[in-house]
Amino acid sequence: LRSVVVVGGGLAGLSTCSALRASGFAEDVVLLAAEPHLPYDRPPLSKEVLTGASTAADTQLQPEDWYAANAVDVRLGTRAVALRPAERAVETADGSTLRADAVVLATGGTARPLPVPGGGLAHLLRTRDDADRLRAELVPGARLLVVGGGLIGAEVASSAVSLGCEVTLADPDPLPLAGPAGALVAAYLHRQHADAGVRLVEAGVTALERRGGAVHARLGANPVAEEVEADVVLAGIGIVPDEALAVSAGLDVAGGVLVGPDLRTSIPEVLAVGDVARPRGYDGPLARREHWDAAVRTGEGAAATLLGAEPPAPAAPWFWTDRYGVHVEVAGTVPQDGVPVLRGDPESGSFAVFFLEDGRLAAAVSVGRGPEARASRRLVDAAAAVGPAQLSDEAVDLRRLARAVRM
Ligand code: FAD
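Residue 5 is where the sequence shown starts when you use full-length UniProt numbering, and the numbers rise one by one after that.
The structure is reproduced here in structure tokens:
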């Protein structure tokens, strides 16, 4: 292997480059980044950057001199527009052609636009520039309508409340996050909004229209439609994986670029990592993991594959979210119809919910739990055989149990 081109200057692309260098790869590494910024971290964009606790510039993942020191030829503002695997060629928008023995697609995704008339009036939040634009409008007293109560929508609602905005959150789902976090925690998290003074509307948006200085949003279907007047609208309704290059190369694509456990796509010299990658499963594709941890791990996995090493052992899905001052971590996959095991008292704002499958720990959802959340994650990663009595007993030290499990 003499040369690798990584397409996409986000977390997964950077993770691939770092892992290649950390493993001793000394040949050419080029990182193509469509955005004008060096790779940066997205989670703070809906949290600290929006509240003003930090700036968009603070999110940069590595200092500028890291790229020279690690011989990573990063090309900002350079979008790859075509991939021709047979010729091992990547074409960029400025008309150059790069040759590489292997290509890693780390193109992530773009925020899904609101698919209703006037939907373009809604802000989206995916990039640093999106965060700067939204931040400028979230002045005290501004009326914000958040469309979608998932991770991004909920975090923006929380940040906007702390800025003194008047927030309405609309989602037709009465319990957003019930799938990934389980109904008990989802109900707790949804109630947080109301407790913070957010007006909750159980309906989808059907149209947006600018009238005078305000945006009028139509919510729900006739005859129970209502109209909300807002100064700012934010849509947080998921992402669209950026698979255009994979399609141009004829790779297998199905709501993400399909990859095996070694991150290879249907053409072995092309790998895919991060939000754009979708693992093949035995019975069809598995869900994409659109989380920070998966971006880092798949980048490391792709580097291992390229260098002929075993990819690291697969870990359970893991993500966090922060809202209204509460840190939440979800490790593992909550089984559908799983029976929750509660630890601690939700009223106290610090509790956890566990799910067992065949006597083994399948998922742990920790709310305001501090270092114990890390122990729970370790137990989930090990699919530890822990009983409900141990999990629910606050006298049992989960950190000690986690130290004892063999990984
Ligand atoms: P991306 O971050 O999307 O990066 C892909 C990059 O590739 C982009 O910069 C794009 O411009 C570039 N690109 C695309 N096509 C091309 C091309 N053809 N040529 C060149 N470049 C290209 N996860 C958590 O676990 N916890 C959180 O609390 C959390 N909070 C989040 C908050 C926000 C506001 C957002 C947006 C995401 C959050 N996430 C969180 C998710 C996490 O940030 C993503 O999973 C992660 O950024 C995915 O990284 P990626 O590198 O795969 O994709």
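Virtual Cβ for every residue (Gly too), placed ideally from N, Cα, C.
Specify, as a first and last residue, the run of the beta strand (DSSP E) that residue i falls within.
i, result
"residue 251", "Element bounds for residue 251: not the beta strand (DSSP E) but the alpha helix (DSSP H), 248-252."
"residue 32", "32-37"
"residue 396", "Taken as a continuous stretch (DSSP letters only), residue 396 belongs to no beta strand (DSSP E), being part of the alpha helix (DSSP H) at 392-396."
"residue 243", "243-245"
"residue 155", "Premise fails: residue 155 lies in the alpha helix (DSSP H), 155-166, not in any beta strand (DSSP E)."
"residue 210", "209-215"
"residue 69", "Segment 68-73 is the alpha helix (DSSP H) holding residue 69; no beta strand (DSSP E) there."
"residue 376", "Counting along the chain, residue 376 falls outside any beta strand (DSSP E), though it belongs to the alpha helix (DSSP H) covering 376-385."
"residue 172", "170-174"
"residue 427", "Because the chain in this structure spans residues 5 to 411, residue 427 falls outside the shown range and cannot be described."
"residue 370", "364-371"
Hey, is residue i close to the ligand FAD, as in C-beta under 6 Å from one of its heavy atoms?
i, result
"residue 20", "no"
"residue 323", "yes"
"residue 167", "no"
"residue 103", "no"
"residue 156", "yes"
"residue 180", "no"
"residue 295", "yes"
"residue 47", "yes"
"residue 36", "yes"
"residue 282", "no"
"residue 111", "yes"
"residue 206", "no"
"residue 327", "no"
"residue 15", "yes"
Could you check which residue in the options has the C-alpha nearest to that of residue i?
i, options, result
"residue 403", "389, 8, 380 and 384", "380"
"residue 62", "186, 78 and 43", "43"
"residue 175", "185, 238, 130 and 132", "238"
"residue 30", "382, 350, 311 and 197", "311"
"residue 191", "277, 267 and 180", "180"
"residue 334", "398, 341, 367 and 83", "367"
"residue 326", "48, 139 and 8", "48"
"residue 349", "338, 398 and 304", "398"
"residue 301", "18, 83 and 5", "18"
"residue 138", "40, 144 and 129", "129"
"residue 250", "186, 6, 93 and 304", "93"
"residue 6", "187, 39 and 106", "106"
"residue 60", "46, 104, 69 and 121", "46"
"residue 16", "316, 67 and 299", "299"
"residue 32", "14, 39, 294 and 10", "10"
"residue 119", "166, 309, 241 and 297", "241"
"residue 12", "207, 133 and 279", "279"
List the endpoints of the continuous alpha helix (DSSP H) containing residue i.
i, result
"residue 194", "187-199"
"residue 20", "15-26"
"residue 148", "No alpha helix (DSSP H) holds residue 148; the beta strand (DSSP E) holding it covers 147-151."
"residue 136", "132-141"
Mapping the DSSP letters down to three states, classify residue i as helix, strand or coil.
i, result
"residue 45", "coil"
"residue 409", "coil"
"residue 303", "helix"
"residue 84", "strand"
"residue 53", "helix"
"residue 280", "helix"
"residue 7", "strand"
"residue 317", "coil"
"residue 352", "helix"
"residue 289", "coil"
"residue 412", "Residue 412 is absent from the structure shown; the chain starts at 5 and stops at 411."
"residue 104", "coil"
Three or more C-beta pairs closer than 8 Å, one from the region 271-285 and one from the region 231-240: is that the case here?
no
Three or more C-beta pairs below 8 Å linking the region 18-36 and the region 55-74
yes
Indicate whether the contact test is met: 3 or more Cβ pairs, each with one atom in the region 371-387 and one in the region 310-322, closer than 8 Å.
yes
Are the region 280-293 and the region 249-261 in contact at 8 Å, needing three or more beta carbon pairs?
In short, these stretches touch, since the Cβ pair count reaches three.
Are the region 211-220 and the region 94-104 touching by the rule of at least three beta carbon pairs closer than 8 Å?
No, because fewer than three Cβ pairs between the region 211-220 and the region 94-104 fall closer than 8 Å, the two stretches do not touch.
Spell out a yes or no on whether the region 106-124 and the region 241-250 are touching, meaning 3 or more CB-CB pairs, one atom from each, closer than 8 Å.
Here the region 106-124 makes contact with the region 241-250; the two share three or more CB pairs at distances below 8 Å.
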